[in-house]
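Numbering (the numbering used here), first residue to last: 176 to 491.
Here you go:
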């Protein structure tokens, strides 16, 4: 066995972990050719004795780091501390992975007498719909709010979710708030590039509620440090692991039932509406925004202030 593996073994020089590129069946065939007829189970046992184990690829590398990566992390921490100390709302936002609604396989395992029978293929045509969960995590109160869309993940949808949260929960918890800090990834519908994201924040949030909105984006590859990822989304995934999301109500129920020992509570709402991709914002429209970029990493940090004569126009 050892002689067979010499030319087909790879390894990690740091961890001493080793792996082979030959399957159990192929190893058994090669051993049989050398006069050792053994079955794949025995091959598996021998590999374990030789310190080999079955492992999958692991996504780990995010590409070369941005030169301002550490600087941005420090700046986000500074902004967060400043807002929290002043008693101002700090929310972490992101879109969770889309989910097919119907009798489809859900990753993970669950305790049950018999395994659920689900569709063999994940075809959208067989689904009741595709859910787009947009999450808002209120950092200082350990509260999660998930707005589930049934259309595209667009900047308009993202801001609709934030506006819905502010009207239903945010301004009730912070009745005297005049400033809001949003922590977001640098990509996606609430990324640092989409102009529509900034325009919607200006019109729907800053102007409508006379609110100064500061946005700090995590650098590329830094989404795992966005609080919503490990304080909300991970627990939702654990809660519905191995359970088919056969209806919209079931999906909403699993989200709302998510709890942690530290006190996390989650609310879920179906956000109906059709959102169109690819809507453009002109240079002229961008110049109308009252947007100030920060001196530190200006492409990732900016504040949008309410415009004079427009404030409160959509407050209802």
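Every residue, glycine too, gets a C-beta built ideally from N, C-alpha and C.
Owing to the predicted nature of the structure, the values given are computational and were not obtained by experimental measurement.
- Per DSSP, the continuous alpha helix (DSSP H) segment holding residue 338 begins and ends at 330 to 340.
- Within the stretch 245 to 304, the complete beta strand (DSSP E) runs of at least 3 residues fall at 265 to 270 and 274 to 276.
- Restricted to the stretch 379 to 415, the alpha helix (DSSP H) segments that are unbroken, complete and at least 4 residues in length are 409 to 414, listed in chain order.
- Shown here, residue 177 sits in a helix according to DSSP, grouped into three states.
- Using a Cβ distance threshold of 8 Å, residue 387 and residue 354 count as a contacting pair.
- About 5 Å separates the Cβ atoms of residue 365 and residue 333, confirming a contact at the 8 Å cut-off.
- Assignment of beta-bridge partners to residue 468 by DSSP yields 477.
- Residue 310 carries a strand assignment under DSSP once its states are collapsed to helix, strand and coil.
- When Cβ pairs closer than 8 Å are counted between the two stretches, the stretch 395 to 407 is seen to touch the stretch 307 to 319, the count reaching three or more.
- Where residue 322 is concerned, the enclosing beta strand (DSSP E) starts and stops at 318 to 324.
- At the C-beta level, residue 306 and residue 276 come within 8 Å of one another.
- If you look at residue 358, you'll find it in the beta strand (DSSP E) that goes 354 to 359.
- Measuring C-alpha to C-alpha distances from residue 316 to each of 345, 292 and 291 identifies 345 as the nearest.
- DSSP places residue 483 in the coil class of the three-state scheme, outside both helix and strand.
- Residue 327: not part of any alpha helix (DSSP H); DSSP gives it neither H nor E.
- Look at residue 207 here: in three-state DSSP terms it is helix.
- In the three-state DSSP reduction, residue 218 falls in the helix class (H, G or I).
- Excluding five sequence positions before and after residue 329, the CB atoms of its chain that fall closer than 8 Å to its own CB belong to 364, 371, 450, 451, 452 and 454, given in chain order.
- Just so you know, the alpha carbons of residue 462 and residue 374 end up roughly 10 Å apart.
- If you draw a straight line from the Cα of residue 339 to the Cα of residue 199, it is about 55 Å long.
- In the DSSP assignment, the residues bridged to residue 443 are 321.
- Pairing residue 223 with residue 395 gives a Cβ-Cβ distance that is not under 8 Å.
- Under the three-state reduction of DSSP, residue 420 is assigned to coil, being neither helix nor strand.
- Contact between residue 267 and residue 369 is ruled out by a C-beta separation of about 18 Å, above the 8 Å threshold.
- For residue 447, the closest of 281, 324 and 297 by C-alpha to C-alpha distance is 324.
- Ranked by how close their Cα comes to the Cα of residue 195, the residues 212, 177, 211 and 314 have 177 in first place.
- In this structure, the beta-carbon distance from residue 246 to residue 472 falls below 8 Å.
- The Cβ atoms of residue 274 and residue 420 lie closer than 8 Å to each other.
- The Cβ-Cβ distance between residue 269 and residue 360 falls below 8 Å.
- Setting aside the 5 residues that flank it on each side, residue 443 is surrounded in the same chain by 321, 323, 427, 430 and 431, each with a C-beta closer than 7 Å to its C-beta; the list follows chain order.
- Only buried fits residue 384, as 16 or more other CB atoms lie within 10 angstroms of its CB.
- Between the alpha carbons of residue 445 and residue 425 lies a gap of roughly 12 Å.
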